[in-house]
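Those letters in the sequence shown? Residues 18 to 116, per this note's numbering, in order. In this text, a Cβ means the ideal position worked out from N, Cα and C, and glycines have one as well. Below: one structure, written as structure tokens.
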Amino acid sequence: MVTSLFRYERIKTTKTKAMEIRRTAEKMITRAKEDSVHNRRMVGRRIKDKEILSKLFTDLGPRFKERNGGYTRVYKLGQRQGDAAEMVILELVDRSTEE
Numbered sequence: 018m019v020t021s022l023f024r025y026e027r028i029k030t031t032k033t034k035a036m037e038i039r040r041t042a043e044k045m046i047t048r049a050k051e052d053s054v055h056n057r058r059m060v061g062r063r064i065k066d067k068e069i070l071s072k073l074f075t076d077l078g079p080r081f082k083e084r085n086g087g088y089t090r091v092y093k094l095g096q097r098q099g100d101a102a103e104m105v106i107l108e109l110v111d112r113s114t115e116e
């Protein structure tokens, strides 16, 4: 799901999953701020899609270069109809509006 977050820069999921994704995504973006072989390999352990890995280091990392943290935002949507799970939208803070 972290790959989906980096691909679409906005995903709809449950609150519990979003908090786990957020933790992992924030660490990956912090590593992507400095493009080195070591950082690419560390992030590449989790992200198998080479296109998304490239986007992370060439687009997202430099975009958040001046930010010290807090790269994601969570919007609450309410409860899901079937099982009453809390639904949220998880998105990157400075996401591009190209849709």
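Pair within 7 Å by beta-carbon distance, residue i and residue j
i	j	result
F23	D52	no
L70	G61	yes
Y92	I46	no
D66	T20	yes
N56	R63	no
Whole-number beta carbon distance between residue j and residue i, since they are thought to touch under 8 Å
i	j	result
I28	L107	5 Å
I38	M59	Not a contact, Cβ separation roughly 18 Å.
E103	K50	Actually they are not in contact, since the Cβ atoms of E103 and K50 sit about 31 Å apart, beyond 8 Å.
T30	V105	7 Å
G86	E43	7 Å
First and last residue of the uninterrupted alpha helix (DSSP H) at residue i
i	result
V19	V19 to Y25
Task: Segments assigned beta strand (DSSP E), at least 3 residues, entirely inside the region 47-108 - done: Counting only runs of 3 or more residues that sit fully inside the region 47-108, the beta strand (DSSP E) segments are 89-96, in chain order.
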